[in-house]
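Here is the structure we will look at.
In our numbering, the protein residues as written are 16 to 89.
Right under this line is the structure:
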(Lines of atoms letter the chains of each structure in order from A and count residues from 1; the text may use other names and numbers.)
(Lines give C-alpha, C1' and ligand atoms only; values in the text may rest on other atoms or scores of the structure.)
Protein backbone atom coordinates (compact mmCIF):
# COMPACT_ATOMS: atom_id res chain seq x y z
CA UNK A 1 0.00 0.00 0.00
CA UNK A 2 3.04 2.28 0.29
CA UNK A 3 3.19 2.49 -3.49
CA UNK A 4 -0.12 4.38 -3.42
CA UNK A 5 1.44 7.14 -1.33
CA UNK A 6 4.33 7.36 -3.78
CA UNK A 7 1.94 7.62 -6.73
CA UNK A 8 -0.10 10.29 -4.94
CA UNK A 9 3.03 12.31 -4.16
CA UNK A 10 4.21 12.11 -7.77
CA UNK A 11 0.78 13.16 -9.06
CA UNK A 12 0.64 16.08 -6.62
CA UNK A 13 4.07 17.27 -7.70
CA UNK A 14 3.12 16.86 -11.38
CA UNK A 15 -0.11 18.87 -10.96
CA UNK A 16 1.79 21.64 -9.16
CA UNK A 17 4.39 21.74 -11.91
CA UNK A 18 1.71 21.86 -14.61
CA UNK A 19 -0.07 24.72 -12.82
CA UNK A 20 3.15 26.66 -12.40
CA UNK A 21 4.07 26.10 -16.04
CA UNK A 22 0.67 27.23 -17.30
CA UNK A 23 0.81 30.33 -15.11
CA UNK A 24 4.27 31.23 -16.37
CA UNK A 25 3.24 30.58 -19.99
CA UNK A 26 0.22 32.89 -19.58
CA UNK A 27 2.36 35.64 -18.05
CA UNK A 28 5.09 35.33 -20.66
CA UNK A 29 2.54 35.15 -23.51
CA UNK A 30 0.69 38.31 -22.42
CA UNK A 31 3.87 40.17 -21.59
CA UNK A 32 2.20 41.92 -18.65
CA UNK A 33 1.43 41.16 -15.05
CA UNK A 34 -2.07 42.28 -14.06
CA UNK A 35 -1.41 43.04 -10.44
CA UNK A 36 1.17 44.06 -7.90
CA UNK A 37 2.10 43.39 -4.30
CA UNK A 38 -1.23 44.92 -3.17
CA UNK A 39 -3.24 42.70 -5.51
CA UNK A 40 -5.44 43.53 -8.47
CA UNK A 41 -6.76 47.09 -8.63
CA UNK A 42 -10.46 47.56 -7.82
CA UNK A 43 -12.82 50.40 -8.72
CA UNK A 44 -13.52 51.27 -5.08
CA UNK A 45 -11.93 50.41 -1.74
CA UNK A 46 -15.22 48.76 -0.70
CA UNK A 47 -14.89 46.27 -3.56
CA UNK A 48 -11.41 45.38 -2.27
CA UNK A 49 -12.77 44.87 1.26
CA UNK A 50 -15.60 42.70 -0.10
CA UNK A 51 -13.21 40.50 -2.12
CA UNK A 52 -10.93 40.04 0.90
CA UNK A 53 -13.94 39.12 3.06
CA UNK A 54 -15.08 36.59 0.44
CA UNK A 55 -11.60 35.02 0.34
CA UNK A 56 -11.50 34.72 4.13
CA UNK A 57 -14.98 33.16 4.05
CA UNK A 58 -13.87 30.63 1.43
CA UNK A 59 -10.91 29.63 3.58
CA UNK A 60 -13.07 29.39 6.70
CA UNK A 61 -15.60 27.24 4.82
CA UNK A 62 -12.92 24.86 3.53
CA UNK A 63 -11.06 24.50 6.85
CA UNK A 64 -13.31 21.85 8.50
CA UNK A 65 -12.79 19.48 5.57
CA UNK A 66 -9.05 19.31 6.30
CA UNK A 67 -9.83 18.03 9.80
CA UNK A 68 -12.14 15.36 8.35
CA UNK A 69 -9.47 14.26 5.88
CA UNK A 70 -6.90 13.99 8.66
CA UNK A 71 -9.31 11.88 10.73
CA UNK A 72 -9.90 9.58 7.76
CA UNK A 73 -6.15 9.06 7.28
CA UNK A 74 -5.52 8.20 10.92
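All C-beta atoms, glycine included, are put in the ideal place defined by N, C-alpha and C.
Check	Outcome
Straight-line Cα distance separating residue 42 from residue 78	30 Å
DSSP-derived helix/strand/coil call for residue 50	coil
Euclidean distance between Cα positions of residue 23 and residue 84	15 Å
Span separating the alpha-carbon of residue 65 from that of residue 20	39 Å
As assigned by DSSP and simplified to three states, the class of residue 55	coil
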